[in-house]
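**Q** I have a structure here, written as structure tokens, and I will follow up with some questions on it.
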Amino acid sequence: MKHRYLPMTSQDEKDMLETIGVQSIDELFSDIPEKVRFKGEYNIKPAKSESALTKELAQLAGKNADSVRYASFLGAGVYDHYKPIIVDHVISRSEFYTAYTPYQPEISQGELQAIFEFQTMIAELTGMDIANSSMYDGGTALAEAGMLAAGQTRRKKILVSRAVHPESRDVVRTYALGQSIDVVEIPLKDGRTDIDALKEMIDENTATVMVQYPNFFGQVENLKEIEPIVHEAGALFTVSSNPLALGALTPPGKFGADITVGDAQPFGIPEAFGGPHCGYFAVTQKLMREVPGRLVGETTDDEGRRGFVLTLQAREQHIRRDKATSNICSNQALNALAASVAMTALGKEGTKEIAVQNITKTHYMKQQLKKSGFEIAFDGAHFNEIAVKLGSSVKELNAALFEKGMIGGYDLGLSYDELQGHMLIAVTEQRSKEEIDAFVQEIDAFVRETEASHA
Amino acid sequence: MHKDNQPLIFEMTKQGRVGYSLPELDVPEVDLTELLGQELVREEFAELPEVSELDIMRHYTALSKRNHGVDSGFYPLGSCTMKYNPKINESVARYSGFANIHPLQEESTVQGAMELMYDLQEHLKEITGMDEVTLQPAAGAHGEWTGLMMIRAFHEANGDFNRTKVIVPDSAHGTNPASATVAGFETVTVKSNEHGLVDLEDLKRVVGDDTAALMLTNPNTLGLFEEDILEMASIIHKVGGKLYYDGANLNAVMSKARPGDMGFDVVHLNLHKTFTGPHGGGGPGSGPVGVQADLIPYLPKPILVKTDEGYTFDYDRPESIGRVKPFYGNFGINVRAYTYIRTMGPDGLKKVTEYAVLNANYMMRRLAPHFDLPYDRHCKHEFVLSGRRQKKLGVRTLDMAKRLLDFGYHPPTIYFPLNVEEGMMIEPTETESKETLDDFIDAMIQIAREVEENPEIVQNAPHTTVINRLDETKAARKPVLRYQKPTDSE
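This is the structure:
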């Protein structure tokens with residue numbers, strides 16, 4: 000069978016074998032010992048034509064309920080936000096997506112400049128001095144922050160708030176295991192980091208304190224109060240932050256964060272079943288040379304023209320090998336480009352407007368829930384999520400909501416024993432008043448029905 | 000190509016312009032200060048651009064023209080497998096049922112996605128000859144670290160806490176030793192012999208009861224198949240160590256030799272290399288890890304399970320190393336890789352490897368008279384030339400690489416692996432035609448001639464790019480890593 004990606008003709012093959020001086024392609028594999036040689040073909044599905052395959056895969060995709068057909072109230076770290084259509088048009092330019100890492104700056108100025116702009120935008124939003132060119136995701140970025148802090152302070156303990164995303168905490172623990180670092184969790188108090196407990200727990204072995212802002216429950220942590228506690232103990236202050244929220248919230252840099260990490264998924268990147276998203280990593284000037292991953296810097300050529308290059312590479316694995324600041328090589332460049340385009344489209348005003356819409360609509364949801372008699376688990380300021388006490392099965396409620404064309408919230412009982420029967424509801428700018436009203440009405444009806452059947 | 004700078008997007012800003020379209024707020028406004036308190040309300044806007052949608056499109060179009068991708072031209076960058084990125088992959092990954100689904104949705108609403116992941120795992124198991132596969136790691140280096148963490152867990156579960164060393168060849172990718180460090184191991188280097196292969200005597204010297212694993216790329220970074228692989232496996236296994244396969248070069252051996260059959264215990268794959276998930280200018284990638292049966296308990300959790308009622312994620316994995324990434328890996332890249340495998344089928348994947356190796360050997364033989372070929376034997380998917388002959392004439396490999404830019408090519412990987420002087424590592428891939436290879440070979444031969452007759456043209460290259468060679472020392476000495484808005488006084 001002929002393949003459209005393989006241009007070789009039988010005449011080409013013959014000519015090339017002759018040039019090489021062998022009789023057959025098989026001869027080129029004669030260095031593979033007989034004992035390990037694979038005979039025949041893989042036992043995998045046969046090739047399909049373009050049309051047949053797209054049809055099959057479209058049907059497979061059709062088995063999934065997507066946030067275009069369903070109104071989604073599910074967040075918990077991944078959000079259905081406005082994705083400016085222009086984003087996909089930019090990242091579909093194949094000069095970007097079919098390029099490798101820009102190691103040859105003369106023919107990679109486009110990518111390098113785009114990353115330099117990304118670094119600037121992230122630094123601006125987070126209020127940090129500098130940002131790198133991206134990490135895999137928010138969870139691994141947080142874990143890398145822990146590694147950086149442990150290396151920098153030569154201490155072996157990480158304090159992480161229980162209000163940090165549970166899966167991110169899991170990733171921090173796995174990385175810490177490799178470095179024999181202890182990870183200790185700071186308890187919650189009313190849905191936020193328990194600051195009194197933090198004061199008790201922090202000591203001279205603490206490398207860093209990690210909090211999330213806004214936190215996993217959508218609550219806004221009191222960074223101002225936490226910062227001096229961390230720094231007095233000589234630890235680094237790590238803040239994991241949804242960058243979209245920073246359009247409206249005072250950025251972590253203003254509160255003295257040493258490291259701010261997170262995921263830029265809310266800026267133009269599809270949910271894609273959890274990845275690829277786009278981790279970011281921002282630090283103070285002081286930590287510049289400790290940063291993991293690639294950095295793009297500005298310089299000039301011999302004629303004085305401005306240009307961009309990968310710089311401070313002495314930190315990286317391909318130069319420093321076992322002494323590198325991290326093992327990261329591939330990052331999320333294309334998604335960093337997507338996030339850049341989305342941040343550019345939203346711009347100075349739009350980033351604020353979209354963040355304010357999230358806060359406002361979540362506040363509206365909260366009021367409507369309260370009006371229907373629901374108990375909001377944690378009061379105070381919310382960004383785009385609220386935890387509500389249902390007293391009934393979240394799974395069953397989600398099944399009922401699904402019937403009505405809605406994707407319900409996250410079952411907090413899955414990660415927090417004390418929060419069985421609590422749902423974490425996300426409200427982004429994408430949800431209309433009508434959808435919010437319908438959602439409240441449905442969960443109200445469901446809970447009443449459940450209560451009636453138990454009565 | 001004109002040589003004017005493309006302004007930064009920040010320099011195009013004009014107050015009052017917008018590039019977005021948000022819905023009108025349809026719920027009552029709130030007073031942010033009242034709600035959050037003064038301290039939490041951002042005082043100064045982030046200095047993001049203020050531009051129209053057309054401004055944005057023109058800006059990024061201009062940037063794209065200053066960038067070289069596989070679709071722009073030949074990209075023989077060794078070790079990176081810069082093959083064609085099929086367009087069907089891009090279309091399929093954008094199907095709404097794949098792009099717009101949430102990782103924490105009820106499993107019953109994402110069965111199609113889980114089916115795809117499961118079937119991809121099944122395909123990768125067959126391709127690698129391993130017993131189980133996880134799709135969680137986000138990239139190759141992430142897969143390396145994941146695999147090493149599993150090896151560590153395996154040894155510790157056996158009460159074996161003294162296996163502190165990971166052995167890597169001197170020709171290994173930099174990620175290998177770096178991943179070993181992150182996983183808490185010490186790196187020991189094993190030398191290559193005069194044939195460019197791992198020196199068995201040296202390997203025997205460095206192994207011991209403190210050996211946790213040997214990491215190998217096969218074929219290695221010189222593009223040479225490690226013929227003694229079974230003996231190496233036996234040396235490592237005899238001392239109780241594990242054998243790790245760096246899958247960066249899998250494109251060279253598909254349907255020819257499987258890591259599982261060579262004695263490897265753990266394998267990572269780079270789906271963005273062999274399986275055409277695009278490189279994206281540096282990522283995202285995807286780095287699934289395959290293991291033999293004895294390492295299955297340590298796989299990252301959750302693992303994907305097929306039951307009579309459908310697919311489900313199993314979190315009840317007491318011996319698992321834990322999570323290595325939130326959610327289930329870079330699903331979007333996995334969709335692309337799956338689409339590619341299904342497009343090629345078993346006969347296609349076999350041809351991929353055969354033509355990748357044919358192309359590399361053809362180029363190697365045609366270029367050999369003009370450059371030094373340190374290891375003269377059949378190569379696999381790539382080969383390494385040395386520019387030491389040219390260096391004697393005052394022209395470095397870096398200069399020749401830059402000169403290739405004038406011919407419209409991306410140069411080979413240079414100065415790697417470290418054991419070749421003035422190395423040029425060339426990987427053509429199977430998707431390039433003989434005509435493309437011939438044109439590139441002609442350019443290389445011309446450059447070799449220029450080195451002898453007119454070295455300045457090579458030493459001062461490139462001449463046709465949007466920018467000349469950049470001052471990298473300046474970039475590192477006084478790092479400027481972001482744009483700063485000029486203050487009024489400037």
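Those protein sequences? They're chains F and W, same order as listed.
Here the first sequence stands for residues 0 to 454, where the numbers follow numbering that gives the first Met the number 0.
Here the second sequence stands for residues 0 to 489, where the numbers follow numbering that gives the first Met the number 0.
All C-beta atoms in this analysis are idealised placements derived from N, C-alpha and C, irrespective of residue type, glycine included.
Everything numeric in this text was worked out from a predicted model, so none of it was measured.
1. Quick check: the segment 245 to 254 of chain F against the segment 279 to 299 of chain W, are at least 3 beta-carbon pairs closer than 8 Å?
2. Between which two residues does the alpha helix (DSSP H) harbouring Thr152/F extend?
3. Measuring straight from C-alpha to C-alpha, what distance separates Lys164/W and Arg316/W?
4. In this structure, does DSSP put Ile126/W in helix, strand or coil?
5. Round the Cβ separation of Gly289/W and Ile332/W to the nearest angstrom and send it over; I've been treating them as touching at under 8 Å.
6. Could you list which residues in chain F have their beta carbon closer than 8 Å to that of Pro85/W, in chain order?
7. What's the call for Ser20/W, buried or exposed, on a 16-neighbour Cβ count within 10 Å?
8. Could you pull out every unbroken alpha helix (DSSP H) segment of at least 4 residues lying fully inside the segment 211 to 250 of chain F, listed in chain order?
9. How long is the line joining the alpha carbons of Ala292/W and Gly239/W, rounded to whole angstroms?
10. So, is the C-beta of Met0/W closer than 8 Å to a C-beta in chain F?
11. Taking the alpha carbon of Lys253/F as the point to measure from, which residue in Glu33/F, Glu123/F, Arg3/F, Asn42/F has its own alpha carbon closest?
12. Can you say whether Pro485/W is buried or exposed, counting buried as having 16 or more other CB atoms within 10 angstroms of its CB?
13. Which residues of chain W have a Cβ atom closer than 7 Å to the Cβ of His317/F, listed in chain order?
14. Specify, as a first and last residue, the run of the beta strand (DSSP E) that Leu215/W falls within.
15. How big is the Cα-Cα spacing for Asn189/W and Leu202/W?
16. Would you mind reading off the limits of the alpha helix (DSSP H) that contains Gly309/W?
17. Taking Gly457/F as part of the beta strand (DSSP E), name the residues at either end of that continuous run.
18. List, in order along the chain, the chain W residues whose C-beta lies closer than 8 Å to that of Thr298/F?
19. Can you give the beta carbon distance from Gln211/F to Ala162/F, rounded, assuming they're within the 8 Å contact cut?
20. Can you tell me where the alpha helix (DSSP H) holding Val181/W begins and where it ends?
21. Find out if the Cβ-Cβ distance for the pair Asp416/F, His276/F is shorter than 8 Å.
22. Listing by chain order, which chain W residues have their CB less than 9 Å from the CB of His88/F?
23. Could you please tell me which residues of the segment 311 to 328 of chain W, in chain order, have their CB closer than 7 Å to any CB of chain F?
24. Taking the beta carbon of Val183/F as the centre, do at least 16 other beta carbons fall within 10 Å, making it buried, or is it exposed?
25. Can you grab the Cα-Cα spacing for the pair Ser93/F / Leu197/F, in whole Å?
26. Are any of the Cβ atoms in chain W nearer than 8 Å to that of Ser325/F?
27. For a contact defined as C-beta to C-beta under 8 Å, what are the partners of Met149/W on chain F?
28. In the structure shown, what three-state DSSP assignment does Leu35/W receive?
29. Are three or more beta carbon pairs between the segment 180 to 197 of chain W and the segment 340 to 357 of chain W nearer than 8 Å?
30. Which same chain residues, not among the five before or five after Ser51/W, have their C-beta less than 6 Å away from its C-beta?
31. From the beta carbon of Thr207/F, is the nearest beta carbon of chain W less than 8 Å away?
32. Quick one, which of Glu374/F, Phe307/F, Leu16/F has its alpha-carbon nearest Thr472/W's?
33. Please list, in chain order, all residues of the same chain as Glu489/W whose beta carbon is under 8 Å from its beta carbon, the five residues on each side excluded.
34. For Met146/F, tell me which candidate among Gly420/F, Gly292/F, Phe72/F, Phe438/F has the shortest Cα-Cα distance.
35. Would you call the CB atoms of Gly142/W and Gly286/W closer than 8 Å?
36. Under 9 Å, CB to CB, which of the residues in the segment 417 to 438 of chain W have a partner in chain F?
**A** Per the coordinate set shown:
1. Touching, no, given that fewer than three Cβ pairs across the two stretches are closer than 8 Å.
2. According to the DSSP assignment, Thr152/F belongs to the alpha helix (DSSP H) that extends over 137 to 152.
3. A direct Cα-to-Cα measurement between Lys164/W and Arg316/W gives close to 27 Å.
4. Residue state, collapsed to three classes: helix.
5. Not quite, the Cβ-Cβ distance comes to about 17 Å (not below 8 Å), so this is no contact.
6. Under a criterion of Cβ atoms nearer than 8 Å, the residues of chain F adjacent to Pro85/W are, in order, Tyr4.
7. Burial check for Ser20/W: the Cβ neighbour count within 10 Å stays below 16, so the residue is exposed.
8. Runs of the alpha helix (DSSP H) spanning 4 or more residues and lying entirely within the segment 211 to 250 of chain F occur at 222 to 231, in chain order.
9. Straight-line Cα distance between these residues: approximately 16 Å.
10. In this prediction, Met0/W scores a pLDDT of 46, lower than 50, which makes its location untrustworthy; the coordinate-derived value is nonetheless stated afterwards. It does not: the Cβ of Met0/W has no partner Cβ on chain F nearer than 8 Å.
11. Relative to the Cα of Lys253/F, the nearest Cα in the group Glu33/F, Glu123/F, Arg3/F, Asn42/F belongs to Glu123/F.
12. The residue in question, Pro485/W, is exposed, as its Cβ has fewer than 16 Cβ neighbours within 10 Å.
13. By Cβ distance, chain W contributes Gly173.
14. Where Leu215/W is concerned, the enclosing beta strand (DSSP E) stretches over 210 to 216.
15. As written in the sequence, residue 189/W is Val, which differs from the Asn given in the question. Taking C-alpha positions only, Val189/W is separated from Leu202/W by approximately 6 Å.
16. Taken as a continuous stretch (DSSP letters only), Gly309/W belongs to no alpha helix (DSSP H), being part of the beta strand (DSSP E) at 309 to 313.
17. Outside the displayed range of chain F (0 to 454) lies residue 457/F, so it cannot be described from this structure.
18. Ordered by position in chain W, the residues that pass the 8 Å Cβ test against Thr298/F are Leu469, Asp470, Glu471, Lys473, Ala474, Val479.
19. Here Gln211/F really is in contact with Ala162/F; their C-beta atoms are around 6 Å apart, less than 8 Å.
20. Here the alpha helix (DSSP H) through Val181/W covers 174 to 181.
21. The beta carbons of Asp416/F and His276/F sit no closer together than 8 Å.
22. Ordered by position in chain W, the residues that pass the 9 Å Cβ test against His88/F are Met56, Tyr59.
23. Residues of the segment 311 to 328 of chain W that bring their beta carbon within less than 7 Å of a beta carbon in chain F comprise Ile320, Gly321, Arg322, Val323, Lys324, Pro325, Phe326, Tyr327, Gly328, in sequence order.
24. It is exposed - the Cβ of Val183/F has fewer than 16 other Cβ atoms within 10 Å.
25. Rounded to the nearest angstrom, the two C-alpha atoms are 49 Å apart.
26. Chain W contact via Cβ: present.
27. Simply none; closest approach about 11 Å.
28. Taken through DSSP and simplified to helix, strand or coil, Leu35/W comes out as helix.
29. Counting Cβ pairs under 8 Å, fewer than three are found: no touch.
30. Counting only Cβ-Cβ distances below 6 Å, and skipping sequence neighbours, we find Arg16, Gly18.
31. Among the residues facing chain W, Thr207/F is not included, as its CB has no counterpart in that chain under 8 Å away.
32. Of the candidates Glu374/F, Phe307/F, Leu16/F, the one whose C-alpha sits nearest the C-alpha of Thr472/W is Phe307/F.
33. Bear in mind that a pLDDT of 46 at Glu489/W, under 50, signals an unreliable position, so the number given afterwards is only what the model happens to contain. The answer is none, since no qualifying residue turns up.
34. Its Cα nearest to that of Met146/F, the residue Gly292/F stands out among Gly420/F, Gly292/F, Phe72/F, Phe438/F.
35. In this structure, Gly142/W sits near Gly286/W, with a CB-CB distance shorter than 8 Å.
36. Result list: Glu429, Thr430, Glu431, Ser432, Lys433, Glu434, Thr435, Leu436.
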